Amino acid sequence: MNPQANLIFIASLLLGTTITISSNHWVMAWTGLEINTLAILPLISKSHHPRAIEAATKYFLTQAAASALVLFSSMTNAWHTGQWDITQLTHPTSSLILTSAIAMKLGLVPFHFWFPEVLQGSPLTTGLLLSTIMKLPPITLLYMTSPSLNPTLLTTLAILSTALGGWMGLNQTQVRKILAFSSISHLGWMAIIIIYNPKLTLLNFYLYAMMTATIFLTLNSIKVLKLSTLMTAWTKVPAMNAMLLLTLLSLAGLPPLTGFLPKWLIIQELTKQDMAPAATLISLLSLLSLFFYLRLAYCTTITLPPHTTNHMKQWRTNKSTSITIAILTTMSVMLLPISPMILTIV
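If you're matching positions, the sequence shown starts at 15 in this note's numbering and goes up one per residue.
Shown next as C-alpha cells:
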C-alpha cells in the first residue's frame, strides 16, 4: 500500500478514536465510530486476497448494523428524556439496545461470529489494530454509560463470552483465530466488572492491549500465521521465542506475571459485591483459555519438530520493532510487583 495512503488511514483511525472518547454528545460519538470503521476497511482488504475482501465486507456489515443500533438507542433515549448527553442514558430500553450495539462492536457473545473470521482474513498488523485500538471507543462508551446499564445482562454476556472464547479456541490451528477467541474471552472479564468498578475495566483493557500488541508484533517479526510454522520458528530467533512464551503465559493470567493483576483485582471486586459464584465460574472458565495459551507456548519453545529447519539464527532483526517488542515484553511480564503504584495511577 502507498505510504501516504497508509498514513491517512492510520491518522483517521486515531482521529475517530479521539472523537469518540472525548465526546459528550451521542452524534459525535457515532461520527467517531464511523470514521474508525471506514479507516480500517482499506487496511483489512489491502492484500486483495478473496479472504481479505470477505473479511472487510463482514466487518463493514456488522459495524454498520452496530452503529445504526447506537444511533437508535440514543434517539430513543432523547425521545423519552430530551437528553443527548452520553452520561444521561437513563431509559431502560435505550440502555438494553446500547448494550447489544456495543457487544456487536466489540465481538461479545452472542455477537462474536464476525470477529475470528475478520481477524483471520486480515494481515497481522491490521489484526493488532482490530484487537486493541478498535476496541477502545466502544469500551469508552460502556464506561461512560456504566451507571445505567443492566447488571444481569452484562454478567450473562460476560460469562458466555469467557466460556465460548475459551471453548472455541481449543481446536484452532490458526494463530490469528486463537488470538481472536482469546480477545473474546478477555472482553468477558472486562464486561463483568464494568458496572461495579469501571476503572478496573480500563486497567484490564490497557494491560490486555499491551500484551496482545507484544504477541502480534513478535509473530509479525518471525512471520508466523499457524501452529505448524510456529513449531519451526524457534530456530530463527531463539531469544524472542523464549520471551513470547512468557508473554503468552502472562496473557493467560498466571500469577508471577503482569496478566495476573487484572484477574486478581476483578475476582476481589466481584467477591466484595457478593458475586462469589460469578467470580468462581468466570475463573473456572478461564482455564479453557489457559489450555490453548499453554498449547501456543508449548509449540513456541518446548516442541521440537521431527525435521529441523536449516535456518541460520538471526541475531539481527528489524531494529525499531525489536526495541518496541523488547519494551512491551518487559512490561507484559514484570509489572506485577509495582501493582500498588499502578492502582494509585488508575
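Just so it is clear, CB atoms sit at the ideal spot from N, CA and C, and this is done for glycine as well. Nothing here was measured: the structure is a model prediction, and the numbers come from that model.
Where does residue i land, buried or exposed, given buried means 16+ other C-beta within 10 angstroms?
i: I352; result: exposed
i: G267; result: buried
i: T335; result: exposed
i: A256; result: exposed
i: L21; result: exposed
i: T139; result: exposed
i: K277; result: buried
i: W93; result: exposed
i: F219; result: buried
i: G96; result: exposed
i: L263; result: buried
i: N50; result: buried
i: H62; result: exposed
How long is the line joining the alpha carbons of residue i and residue j, rounded to whole angstroms?
i: I208; j: T215; result: 6 Å
i: L299; j: L178; result: 9 Å
i: M254; j: T232; result: 7 Å
i: K250; j: S242; result: 15 Å
i: Q287; j: F125; result: 27 Å
i: L217; j: R309; result: 27 Å
i: A25; j: L120; result: 21 Å
i: W123; j: A79; result: It should be noted that the sequence gives Val, not Trp, for residue 123. Their backbone Cα atoms lie some 16 Å apart in a straight line.
i: W40; j: L259; result: 42 Å
i: A292; j: I173; result: 8 Å
i: I281; j: S136; result: 34 Å
i: N211; j: L27; result: 28 Å
i: L14; j: L201; result: With the chain covering only 15 through 360, there is no way to say anything about residue 14.
i: F306; j: T90; result: 42 Å
i: S87; j: G180; result: 31 Å
i: P144; j: M15; result: Residue identity differs from the one stated: residue 144 is Leu in this sequence, not Pro. In a straight line, the C-alpha of L144 is about 18 Å away from that of M15.
i: P17; j: I54; result: 15 Å
i: W98; j: L47; result: 17 Å
Under DSSP, the alpha helix (DSSP H) around residue i begins and ends at which residues?
i: N20; result: P17 to S36
i: P56; result: W40 to I58
i: L193; result: V189 to I207
i: L138; result: L138 to S145
i: S81; result: P64 to T95
i: P276; result: F274 to K286
Does the beta-carbon of residue i, which I'm using as the reference point, lie nearer than 7 Å to any heavy atom of the ligand COA?
i: V123; result: By its list of ligands, the structure shown contains no ligand whatsoever, and the ligand COA lies outside what it can speak to.
Please state if the CB of residue j and the CB of residue i are separated by a distance shorter than 8 Å.
i: Q188; j: F195; result: no
i: E131; j: K60; result: no
i: A69; j: L142; result: no
i: P161; j: I116; result: no
i: I339; j: L349; result: no
i: M225; j: T261; result: yes
i: T31; j: I147; result: yes
i: A43; j: I100; result: yes
i: L244; j: T314; result: yes
Checklist entry - How do the region 165 to 172 and the region 80 to 87 stand: do at least 3 beta-carbon pairs fall below 8 Å, yes or no? => result As far as the Cβ criterion goes, the region 165 to 172 does not touch the region 80 to 87, which means the pair count is below three.
Next on the checklist: Pairs of beta-carbons, one from the region 225 to 240 and one from the region 283 to 297, closer than 8 Å: are there three or more?
Outcome noted: Segment contact: the region 225 to 240 against the region 283 to 297, fewer than three CB-CB distances shorter than 8 Å; contact not assigned.
Checklist entry - Taking three-plus beta-carbon pairs below 8 Å as touching, is the region 267 to 281 in contact with the region 145 to 156? => result Flag = no, the region 267 to 281 and the region 145 to 156 do not touch.
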